[in-house]
Amino acid sequence: IETLQNMRDLGNTVLVVEHDEDTIRAADWVIDMGPGAGEHGGYVVSSKPRKTFVKDKESLTAQYLRGERRIDVPKERREGNGNYIQIRGATENNLHNVDV
């Protein structure tokens with residue numbers, strides 16, 4: 002977040018697609034797309050300064066930020082099977098020989 006703010010402070014316009022609450026709360030302006038995901042969205046639900054955005058009654062995102070809605074963590078989680086994915090030497094886009 003600090004890096005994005007530093008870029009902004011240098012006079013840059015910074016546009017970020019993000020679902021992280023802290024990042025949204027640090028934004029100067031929020032454009033909320035929706036109302037749902039994929040084929041259920043694609044419309045501008047709200048576009049306004051963050052301080053005004055969080056009061057928006059139509060935005061589901063604003064409702065989550067205000068604590069009116071929440072996503073409950075399941076009480077029980079399924080047990081993993083011990084398998085995992087390993088990637089070695091990833092070199093696409095901005096990755097340079099990354100192993101994960």
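For reference, each letter of the sequence shown is one residue, going 2 to 101 in the numbering used here.
Note that the Cβ used here is the ideal one computed from N, Cα and C, for glycine as well.
All figures in this text were calculated on a predicted structure; none of them were measured in a lab.
Following the DSSP letters along the chain, one finds Lys52 in no beta strand (DSSP E) but inside the alpha helix (DSSP H) bounded by residues Arg51 to Phe54. A residue is called buried when at least 16 other Cβ atoms come within 10 angstroms of its Cβ; Ser48 does not meet this threshold and is exposed.
About 18 angstroms separates the beta carbon of Ser60 from that of Asp23, a gap too long to meet the 8 angstroms contact definition. Within the DSSP bridge table, the entry for Ser47 names Asp33 as partners.
When only Cα atoms are considered, Met8 and Thr14 end up about 8 angstroms apart. When DSSP states are grouped into helix, strand and coil, Ala91 belongs to the strand group. Looking at the DSSP output, Val99 bridges to Ala91. In the DSSP assignment, Asn84 falls outside any alpha helix (DSSP H), carrying neither H nor E. For the pair Ile2 and Leu96, the Cα-to-Cα distance works out to about 21 angstroms.
By the 16-neighbour rule on beta-carbons within 10 angstroms, Asp57 is buried.
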